[in-house]
Amino acid sequence: MADNDERTEQATPRRREEARKEGRVARSADLATALGLLTALIALGWFGPKLGLAIRQMIAGSLGPNLFRDLTPANIQDLSLTLVGPVAMALMPLVLLLMAAAVFVSILQVGWHLTPELLEPKWERLNFFDGVTRLFSVGSVGTLVAGLLKLFAVGWIAWSYIAQRVDTFPQLHFLDHTQYLAHMGELILGLGWRVVAAMLVIGGLDYGFQKWRFERSIRMTKQEIKEEHKQNEGDPQIKSRVRQIQRQMVFKRMMQAVPKATVVVTNPTHVAVALRYEPGIDAAPRVLAMGPNLIALRIRKLAEFHGIPIHEDPPLARALLRNSTVGREIPPQFYRAVAQVLALILRRKKAAPPMPAAAVTGGD
Numbered sequence: 026m027a028d029n030d031e032r033t034e035q036a037t038p039r040r041r042e043e044a045r046k047e048g049r050v051a052r053s054a055d056l057a058t059a060l061g062l063l064t065a066l067i068a069l070g071w072f073g074p075k076l077g078l079a080i081r082q083m084i085a086g087s088l089g090p091n092l093f094r095d096l097t098p099a100n101i102q103d104l105s106l107t108l109v110g111p112v113a114m115a116l117m118p119l120v121l122l123l124m125a126a127a128v129f130v131s132i133l134q135v136g137w138h139l140t141p142e143l144l145e146p147k148w149e150r151l152n153f154f155d156g157v158t159r160l161f162s163v164g165s166v167g168t169l170v171a172g173l174l175k176l177f178a179v180g181w182i183a184w185s186y187i188a189q190r191v192d193t194f195p196q197l198h199f200l201d202h203t204q205y206l207a208h209m210g211e212l213i214l215g216l217g218w219r220v221v222a223a224m225l226v227i228g229g230l231d232y233g234f235q236k237w238r239f240e241r242s243i244r245m246t247k248q249e250i251k252e253e254h255k256q257n258e259g260d261p262q263i264k265s266r267v268r269q270i271q272r273q274m275v276f277k278r279m280m281q282a283v284p285k286a287t288v289v290v291t292n293p294t295h296v297a298v299a300l301r302y303e304p305g306i307d308a309a310p311r312v313l314a315m316g317p318n319l320i321a322l323r324i325r326k327l328a329e330f331h332g333i334p335i336h337e338d339p340p341l342a343r344a345l346l347r348n349s350t351v352g353r354e355i356p357p358q359f360y361r362a363v364a365q366v367l368a369l370i371l372r373r374k375k376a377a378p379p380m381p382a383a384a385v386t387g388g389d
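Count the sequence shown with the working numbering and you get residues 26 to 389, in order.
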């Protein structure tokens, strides 16, 4: 495995996706806890009065006639539904909201991603010696120290808030139960908001640290970048060889098609374009072969060997080479110019003297 000093390159998208599949993502448990507490405080503000009323009714019902009621298997279910049911119903929205908040926080940090691989049993996780090694590793000690510091910070904030109000505690004895609950609710909410604010700051810092550590853990070496590029794009030597074979196949097909050409338009030596036009078969002249330099020379030689007319028109030859595709019809803007060439070739064929009979029959 490469040293950390060699890992200087940012991770590629493929490396990041592999890390996600392994369950390696930047995640802060402190931030999740802080957002969960924030949700709980907001939910208490919404559903707290209803929950408090349900609890008071449950206590009143428990201390009323039901206090001296004999519990039997027949009435215990009805009694539980009567006393605990309203509390459970009041708690239901709070619990659902907290569950939704937990899912939202997870998606907020790492996106929507399931990692079933983490549920697969791995025996190395049960190795006692590896567990002891991880327990006393530098990372574990650092995590313990950071946890103690966070606990101290939150505890100090909570104690400071309570210490400022400790003088009011003896007066709670003179309040009725409604005033007492209101005062304690105000005290708990005030303490909760301060703790949540501290946890949000700690969670934000922890998430930034986890993000930084995660980015460092997935960094790559220059060699790994090259290897991944080869896997994605293919070996340059193999790709070059494939392109060479493809060019050879195209060249072979073009040379096989030249004898079927009607005319070859040339530059005269640097460009050659072999065209075919057969009325009733071709809707427009079709390019059978074309190319510059050596390819043009090869096309000319084949045309001469097979008796294909060769027409010199440098501007037309260069324009066809730039704008045409082998195996397809010429672009419409060249119809007139190519039609003039074909008409000229046709007139030449009609004006050519007939071949002597002796040459045709091969007589003495």
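Here a beta-carbon is modelled for each residue, glycine too, at the ideal position from N, C-alpha and C.
Everything numeric in this text was worked out from a predicted model, so none of it was measured.
- Annotation: leucine 345 is outside any beta strand (DSSP E); the continuous alpha helix (DSSP H) that includes it extends over 339–348.
- Alanine 297: not part of any alpha helix (DSSP H); member of the beta strand (DSSP E) spanning 296–301, first to last residue.
- Taking the C-beta atoms as reference points, alanine 44 is found nearer than 9 Å to valine 50.
- For histidine 336 against valine 283, the beta-carbon gap comes to about 15 Å, at or over 8 Å, which does not count as contact.
- If you draw a 10 Å sphere on the C-beta of leucine 63, you find 16 or more other C-beta atoms in it, and that means buried.
- Looking at the DSSP output, arginine 311 bridges to Arg301 and Glu354.
- Secondary-structure assignment with DSSP links methionine 245 through a beta bridge to Glu34.
- Taking a C-beta distance under 9 Å as the contact criterion, leucine 66 and valine 221 qualify as a contact pair.
- Around the beta carbon of serine 53, a 10 Å sphere encloses 16 or more other beta carbons of the protein chains shown; the residue is thus reported as buried.
- Closest option to arginine 40, judged by alpha-carbon separation, among Lys277, Asn292 and Gln256: Gln256.
- Under the three-state reduction of DSSP, proline 317 is assigned to strand.
- Alanine 79 and alanine 115 have their C-alpha atoms spaced approximately 7 Å apart.
- Distance from the CA of leucine 212 to the CA of leucine 60, rounded to the nearest whole angstrom, comes to 20 Å.
- For threonine 193, the secondary structure class from DSSP, reduced to helix, strand or coil, is helix.
- DSSP places threonine 107 within a helical segment (H, G or I) once states are collapsed to three.
- In this structure, methionine 274 lies away from alanine 299, with their beta-carbon atoms at least 9 Å apart.
- Annotation: the continuous beta strand (DSSP E) that includes threonine 291 extends over 288–291.
- With a cut-off of 8 Å on Cβ pairs, the stretch 301–312 is not in contact with the stretch 321–336, counting fewer than three such pairs.
- Nearest to aspartate 55 by alpha-carbon distance, out of Leu319, Gln134, Asp307 and Ile243, is Gln134.
- With respect to the 9 Å criterion, threonine 287 and isoleucine 355 are not classified as neighbours on the basis of their beta carbons.
- Around the beta carbon of glycine 316, 16 or more other beta carbons sit within 10 angstroms, so the residue counts as buried.
- Here DSSP, grouped into helix, strand and coil, assigns isoleucine 333 to coil.
- Apart from sequence neighbours up to five positions away, the residues of its chain that approach histidine 208 with a beta-carbon distance below 7 Å are Leu197 and Leu200, ordered along the chain.
- Under the three-state reduction of DSSP, glutamate 240 is assigned to helix.
- CA-CA distance, leucine 119 to glycine 217, rounds to 16 Å.
- The three-state reading of DSSP puts alanine 51 in coil, since its state is none of H, G, I, E or B.
- In the three-state scheme derived from DSSP, where H, G and I count as helix and E and B as strand, aspartate 201 is classed as coil.
- Distance from the CA of proline 340 to the CA of glutamine 248, rounded to the nearest whole angstrom, comes to 50 Å.
- Considering only Phe276, Leu346 and Ile250, the residue with the shortest C-alpha distance to glutamate 34 is Ile250.
- The three-state reading of DSSP puts isoleucine 324 in helix, counting H, G and I together.
- For isoleucine 306, the secondary structure class from DSSP, reduced to helix, strand or coil, is coil.
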